[in-house]
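Protein chains in written order, with the numbering used here: chain A, 3 to 306; chain B, 3 to 306; chain C, 3 to 306; chain D, 3 to 306; chain E, 3 to 306.
Ideal placement from N, C-alpha and C gives every residue a C-beta, glycine not left out.
For reference, the structure is listed below as structure tokens.
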């Protein structure tokens, strides 16, 4: 996630960090070069004048804007829903800590603390599962005898929840938790399972590919043909206008690509590291630990 | 579901897999041929000049784009809601497994495992019911004496949930489950019933047909009449522009058709096989089985 | 609900069933006739030339399209929410059957079955209440001594739920249901009350009437004045274009009118008969009945 | 709420009831008069020709339509959410009646009936609180000793819920309600608290005022300047077109103003009186009363 | 939040309070000055005529309007969701007070009142945490021995909920609350945790920055280049039109900026002070206090 203030006025045009420009520079350059060529040749290709007026572009442009707008909204909704899932993770992680520490009676053993640490492990394991990275964080928060089992599991986060549940069931059978509270804690565990399945859904099911392909194609055709439509009317201003339009269309398209899977490591993706750290701090604070890690800070305006 | 990376730059125009083009090739070809004919005849039909300027098309085109955009969003929402229902299935399947295995006390018999296997059977039965295909998967996960009964039932998935519930009630009466946990497990079963009814709703209630018909008709009329409106202004570029516009309009329309019932077997439909397999793996892993099937992989970029 | 396949290609233009055309034929005919008159008179009325260019229509047309699009989405959302309410009815009807049959201990009497049959009666009573038709279906599923009482009630579906609840309370007092399960069953009954109130809301609160009137008026003025704007540019093609535009605008407007109250008996309304029948089949199957009615089939492509 | 059928065909133009026209007649008249003046002067002001073509209006008009469309949707969503809150009130009022009468054992005293009557009182008190009107209805449904206390409270509806809850707690302590059912009833009370807070939210938090002001200003500037843009092209048809455009823009803007606070007494506001009456009838019927009030009927097509 | 009536008719143009104009005055002035310069020079820069017609602006303008519209809706949704979170806070604060006072049996000590006062403290602590301001309000409502601990905590609001939960667990263990009611109260506490996490989510995750930057850039380029496109057609009316368009585009953009983080202290932000005060009044009234503070009133039309 890019974290920076909106640059004021004229500095706006020179902002580089956070801009999508560097990812579309070749595409924009290409269309601008073609536009320059077309302008120099006055729209002629091999001595044949290509007669395109702006009219077809206003017909296509509208449709294109509406459909790009649709794709934009759809990917943004995915991104924001991804953030909501991690917000739910914050809620239920804190609640499970609160309930475990207060409503499981401490019987000499460390069960409440073990359960809370499992939630931290779940958070890290889920993050690594979503990003496809190796999980080097969660083991530290699991009971020693469970570590290998979890990390080798086909589904480590789910495996952790099953361990949580098994210990809860045992504690309930021993009368350390009321049966009602056991149900309530299990409902919070189900909520974590919901976060996991929700994130897997967003991460594993991109927008129907045919949409993406259709819109990419139409947007590219539009920008490639545009110089022929403008050159007769606006002459040597053509490349500037083509550049601005390609920048807007390709830019929005590329942001949509970037946030379609919001759990990745691209600049506009969600700061899962920071949220995980936040959960870790809150839960270790609830355990009474005082040697808490720092909140993550943005590096070069970017919070991972 | 089509699974492939976005092709880069110029390869974009030659991508075939995942393109909707092969489904609309005849319609686009027809409008392009008409456009070529109109261009050759300079807009004359039987010696009568059809005088259409681009103006009517900009009036209609806007309305058409907005209404196609509406239909697009509506079908996409159905597709995404379908995916959410199957995401809920993942959540509650995993939770029912977790609760059954931990909170039903094993009394020598196999009840917890039987219940978990029933959930796998429910997943397969639901998939086959939605696709109208013969159910050859669920029987393997049902107790032998129930198989025929379920498969001949008027509603196999619902029949499975009733069997689950009956056994749960018996176990509760025997004191093997606390009454509170029984209620909580039943709520998860109701959630599965919700998934089933939700999928039946999406699958059985298409968009009001009059919308589809009205928009198809207007879009076709628009593309068929368009050459008359463009030929005087842009001459022999007419077929290219008509081709691009038909490709965009018919393409979006056809994608919408395809994802209207997201549970089918078309390329842009949901990968129910893969999700079912995922559930099967997770639940059999929870049962302690080690001989787990592989995750499904895309075949020719297509995940079923 | 209209149930038919999308007609292919050229047959599209001749489809009659499912088309909204027959409901707007007089309005479209009127605007086309006016357009023909204007074309013949070259835009002159009483020797005065009405000088309208297409420009005002592109100003108004855009606003009109956006606002019609808004009304469209709003009514479609009502229709789809109506369908969701009936989907919830399916969920909770099945769940109440499952819970009643499994978790109310049979004490020699028929209570579980009576409760299930009450749910079927509720379904029928709700459908008739929403449609304002006479209820000839629900009595068969009610205990004999309750029938008159229910049918004469100020609110029959609610009356049925109260009877369900009273018997449930009695059974709970006798220890035939655990207090937890009683609460859970009551929550499902509340969900049915929610379906009823949700349907009453959609059915009793149309879109603010001023919207409908304003949009009708603007759309009609637009189509009536349009020929004066087009005739100078496109000559005798005017009536065709006016016809196509009126067909699109009036058509979308009329579909919106039709689905605004989705529980009626118009072709694009929801198939409540079929859904009720589905519930009846599932619940009677759960009761072990074998003489089940058939699923409803579409009559002339229309499922009621 | 305006309750009337859509007027047919030509009668559409003469409908007065339900039209927003009477609220914007001065604004429309002003712009039309200016348009007439501009037309007569051929766009000259003090011998200076104001040269405006339609082009700027098509640039601004589009943006304006999209932003008015946004404001429209946002206010409509508020209106519909307001209706949903009152729909929830119907659900939970009926459910609380059903639960109180069936699941609180009658111990000689009238507690169940007192609780049901409190719900009726809550409905009336909430309506008066939202409308800022004096509450002359709720007292009749409260126990005599509570009336003054409630009416003088800083928050009468909330005060009623507290009394409900206190009596429920006492009954639970006496064993007249199971602890599980007490929780379930309290959850319904919380749902009523949710309705109250939801209505307060809609009623107390209008759209950010800067939106409203910005859009009003742009819309007025647009309509005032429009004649200068049209007069050269369409001559004496200018006032008609300006009138139609102002009618559409100001009309939609005014409807949005009217439904922004949906709980008021304007024609397009929600029929809270009718919904309250409906609840009163249903709950008194549940109490076995036979002397029920009539459903409210629209007065001059308007249901309050 | 700005609280004022919509100014009537001509006063509309002179309203200053609540207008966004003062925040964009420099940007609008700049574009107007450039437009004046361009008009005086007849579109010539260094003796070179810049030939831009309005056509490119209608191509870009449409896309821009749609994308600004998207950003607008997205930020408005954040603002309204923020308000909903605080509405949920109202619901659950009132419910926790109602449940604590009625369903925790008073055992001589002050526990129920302490719990209610903790909820007030939570409200104030959350507000200060969101605004990054120093918390000088919550201490007064906390037990003396907890104050320092809470204020020094890494997460004061969450710390308060943990204290609430610990005391509840103790009371449950002593039998002063039924185990069912304890679960229900904890669910309300979890709802408060949900409000906190929801507010943190909105406050900590702005819209992807690349969107904001892209749209700012395109909007600025558009307004800076616009005079060249208009000057040939509308001459000295250019600065007026450019001024109106910049006012609309920059205005909407700036309102979106302002409400993106709805918990700040800007005029269009949410009135958290007033909502907190409302909760404080209701909860102290529930405690039987009579010396209640006043509701907050707007200061210069602005409610904080």
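Does the CB of residue i have a neighbour CB from chain C at under 8 Å?
i: residue 219 of chain B; result: yes
i: residue 235 of chain B; result: no
i: residue 294 of chain D; result: yes
i: residue 253 of chain B; result: no
i: residue 92 of chain D; result: yes
i: residue 297 of chain B; result: no
Contact criterion: CB-CB distance below 8 Å. Does residue i meet it with respect to chain E?
i: residue 178 of chain A; result: no
i: residue 287 of chain A; result: yes
i: residue 216 of chain D; result: yes
i: residue 246 of chain A; result: yes
i: residue 229 of chain D; result: no
i: residue 89 of chain A; result: yes
i: residue 223 of chain D; result: yes
Quick one: which chain D residues come within Cβ less than 7 Å of residue i?
i: residue 167 of chain C; result: 100 and 104
i: residue 213 of chain C; result: 257
Check whether the Cβ of residue i lies closer than 8 Å to any Cβ atom in chain A.
i: residue 23 of chain E; result: no
i: residue 156 of chain E; result: yes
i: residue 97 of chain B; result: yes
Please report whether the beta-carbon of residue i lies at a distance below 8 Å from any beta-carbon of chain B.
i: residue 257 of chain C; result: yes
i: residue 265 of chain A; result: no
Give the interface partners of residue i over in chain B, defined as CB-CB distance under 8 Å, in chain order.
i: residue 74 of chain C; result: 69 and 72
i: residue 250 of chain C; result: 62, 65, 66, 69, 216 and 220
Under 8 Å between beta-carbons, which chain A residues line up against residue i? List them in chain order, please.
i: residue 205 of chain B; result: Within chain A, no residue comes near residue 205 of chain B; the closest Cβ sits about 17 Å away, beyond 8 Å.
Along chain E, in chain order, which residues have C-beta atoms closer than 8 Å to that of residue i?
i: residue 197 of chain A; result: Here the premise fails: no neighbours, minimum Cβ distance about 12 Å.
i: residue 171 of chain D; result: 104 and 105
List, in chain order, every chain B residue whose beta-carbon is nearer than 7 Å to that of residue i.
i: residue 163 of chain C; result: Here the premise fails: no neighbours, minimum Cβ distance about 18 Å.
i: residue 239 of chain C; result: 52, 53 and 54
Taking Cβ-Cβ distances shorter than 9 Å, what residues in chain A pair up with residue i?
i: residue 16 of chain B; result: Here the premise fails: no neighbours, minimum Cβ distance about 10 Å.
Which bits of chain B does residue i rub up against, with CB to CB less than 9 Å?
i: residue 284 of chain C; result: 156, 157 and 160
Give the residues of chain C in contact with residue i, contact being defined as C-beta atoms less than 7 Å apart.
i: residue 232 of chain D; result: 58
i: residue 243 of chain D; result: 58
Since residue i meets chain E, which of its residues come closer than 7 Å, beta carbon to beta carbon?
i: residue 200 of chain D; result: 89
- Please specify which runs of the alpha helix (DSSP H), each continuous and at least 4 residues long, are wholly inside the region 117-164 of chain C, giving them in chain order. 149-153
- Interface positions of the region 40-70 of chain C facing chain D (Cβ-Cβ less than 8 Å), listed along the chain: 52, 53, 54, 55, 57, 58, 60, 61, 62, 64, 65, 66, 68 and 69
- Three or more C-beta pairs closer than 8 Å, one from the region 171-185 of chain E and one from the region 206-214 of chain E: is that the case here? no
- Near-chain D residues of the region 121-151 of chain E - C-beta to any C-beta below 9 Å: none
- Secondary structure, alpha helix (DSSP H): runs of 4+ residues fully inside the region 228-263 of chain D: 240-262
- Does the region 59-73 of chain C come close enough to the region 70-81 of chain D that 3 or more CB-CB pairs lie under 8 Å? yes
- Query: Listed in chain order, which residues of the region 181-195 of chain B have Cβ atoms closer than 8 Å to some Cβ of chain C?
  - Reply: 181, 182, 184, 185, 188, 189, 191, 192 and 195
- Are at least three pairs of beta-carbons, each pair with one atom in the region 182-202 of chain D and one in the region 87-100 of chain D, less than 8 Å apart? yes
- Task: May I ask you to verify whether the region 103-123 of chain E touches the region 166-174 of chain E, counting CB pairs closer than 8 Å and requiring at least 3?
- Result: yes
- Uninterrupted alpha helix (DSSP H) stretches inside the region 36-84 of chain B (no shorter than 4 residues): none
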